[in-house]
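A.B. asks: Take this structure first; my questions come after.
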Amino acid sequence: MRFSVWPSTTQPWDDVLELAQFADDGFWHSVYVADHFMSPGDKPGQTSDWLEATAVMAALATVTSQVRLANLVLSMTFRHPAVLANLAATIDRISNGRFTLGLGAGWQETEHQQYGLELGAPKERVDRFAEGLTVISGLLTNETTTFDGQYYQLTDALCEPKPVQSPLPLLVGGTGPRMLRLIARHAQEWNQWSAPGEFGERSAALDAACEKEGRDPATVWRSTQAVVMVTDSAEAEAKAKSAAESMPQPVVYGPAERIAEAAATWREEGVDEVIVPDFGMPRGPERLDAYRALAEAFTPLA
Numbered sequence: 001m002r003f004s005v006w007p008s009t010t011q012p013w014d015d016v017l018e019l020a021q022f023a024d025d026g027f028w029h030s031v032y033v034a035d036h037f038m039s040p041g042d043k044p045g046q047t048s049d050w051l052e053a054t055a056v057m058a059a060l061a062t063v064t065s066q067v068r069l070a071n072l073v074l075s076m077t078f079r080h081p082a083v084l085a086n087l088a089a090t091i092d093r094i095s096n097g098r099f100t101l102g103l104g105a106g107w108q109e110t111e112h113q114q115y116g117l118e119l120g121a122p123k124e125r126v127d128r129f130a131e132g133l134t135v136i137s138g139l140l141t142n143e144t145t146t147f148d149g150q151y152y153q154l155t156d157a158l159c160e161p162k163p164v165q166s167p168l169p170l171l172v173g174g175t176g177p178r179m180l181r182l183i184a185r186h187a188q189e190w191n192q193w194s195a196p197g198e199f200g201e202r203s204a205a206l207d208a209a210c211e212k213e214g215r216d217p218a219t220v221w222r223s224t225q226a227v228v229m230v231t232d233s234a235e236a237e238a239k240a241k242s243a244a245e246s247m248p249q250p251v252v253y254g255p256a257e258r259i260a261e262a263a264a265t266w267r268e269e270g271v272d273e274v275i276v277p278d279f280g281m282p283r284g285p286e287r288l289d290a291y292r293a294l295a296e297a298f299t300p301l302a
């Protein structure tokens, strides 16, 4: 099992850089970055100040040398798939083959409304996403790509230079039946949020989708995450419990050893990689100490 970090890009660049370089220097497998321009509740005078995800990836590629880099996940609605393919090839070159292209169909309405970007109903999003995956896969592997779809049209399209990795890994986030079929068809990696004990059901659905596509389910790398809160006192645990009750995402909290027990449950369910988002972790000097405690507790599972 591997363990990775997910720095929030709503924090100052120096803090993102600190965590990425910390991860690059030891135990951690990957650094993940989300793809948003704003949070759902942002408004003038009250913003969460997101750094743009692809620029962050390119910057991290130049200041790390070991850790893998990936997005959770780039929205197909924000960038044409030909742009995404060229972007992925460039970051893979800059990082010397350490980039995983994380992709999703899009979901947050605020960004699309403010920027005049079409989001569409769920079926339309998945239709567009399926076309985009085909375009990206073609551009990253073929000499030229021609495609005539409802959303995208390419004629003898070039994408050079190609990535260092062949194939460049595609990570797709999603749990619906059509998304799982697309994952089985195109992706090397799959991600979903889950609480320990709740990963297995959707993982079994992915297994079934792979079998229908004639693919060995074991060839899909599986990652998951929950909000992680490392506590070192009864008071901190009480605060974490209260915060967890109001969060929409799954939450794991407690001493590092208890969080490792949760990771062991995920491993039993077939999880290959646990991702630790930093927006539940301490801020300031205590942050890296919390990650060191987690690394020590996770080491027997690695």
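The opening position of the sequence shown corresponds to residue 1 in the UniProt record's numbering, with each subsequent residue numbered one higher. The beta-carbon is built from N, C-alpha and C at its ideal position, and this holds for glycine as well.
#1: Does the beta-carbon distance from residue 74 to residue 35 come in below 8 Å?
#2: Nearest to residue 248 by CA position, among 156, 280, 81, is which residue?
#3: Given residue 244, which residues of its chain have a CB within under 8 Å of its CB, disregarding the five upstream and five downstream residues?
#4: Are the beta-carbon atoms belonging to residue 101 and residue 88 less than 8 Å from one another?
#5: Does DSSP classify residue 188 as helix, strand or coil?
#6: Does DSSP classify residue 145 as helix, strand or coil?
#7: Are there 16 or more other CB atoms within 10 angstroms of the CB of residue 135, so buried, or fewer, so exposed?
#8: I'd like the list of long-range same chain contacts for residue 94, defined as Cβ closer than 7 Å, with 5 residues on each side in sequence excluded.
#9: In whole angstroms, what separates the C-alpha of residue 330 from that of residue 225?
#10: Whole angstroms is fine: what's the gap from residue 110's alpha carbon to residue 198's?
#11: Is it true that the CB of residue 168 sits closer than 8 Å to the CB of residue 190?
#12: Helix, strand or coil: how does DSSP classify residue 113 here?
C.D. replies: Straight from the coordinates:
#1: Taking 8 Å as the cut-off, the beta carbon of residue 74 is found closer than this to the beta carbon of residue 35.
#2: Comparing Cα positions, the closest option is 280.
#3: For residue 244, where only same-chain residues beyond five positions count, the Cβ hits under 8 Å are 227, 229, 251, 253.
#4: A contact, by the Cβ cut-off of 8 Å.
#5: In the structure shown, the three-state DSSP call for residue 188 is coil.
#6: DSSP, read as helix, strand or coil, puts residue 145 in strand.
#7: Label assigned to residue 135: buried.
#8: Around residue 94: 58, 61, 62.
#9: Outside the displayed span of the chain (1 to 302) sits residue 330, for which this structure offers no information.
#10: Near 29 Å, if we compare the C-alpha coordinates of residue 198 and residue 110.
#11: Not a contact, by the Cβ cut-off of 8 Å.
#12: Three-state result, residue 113: helix.
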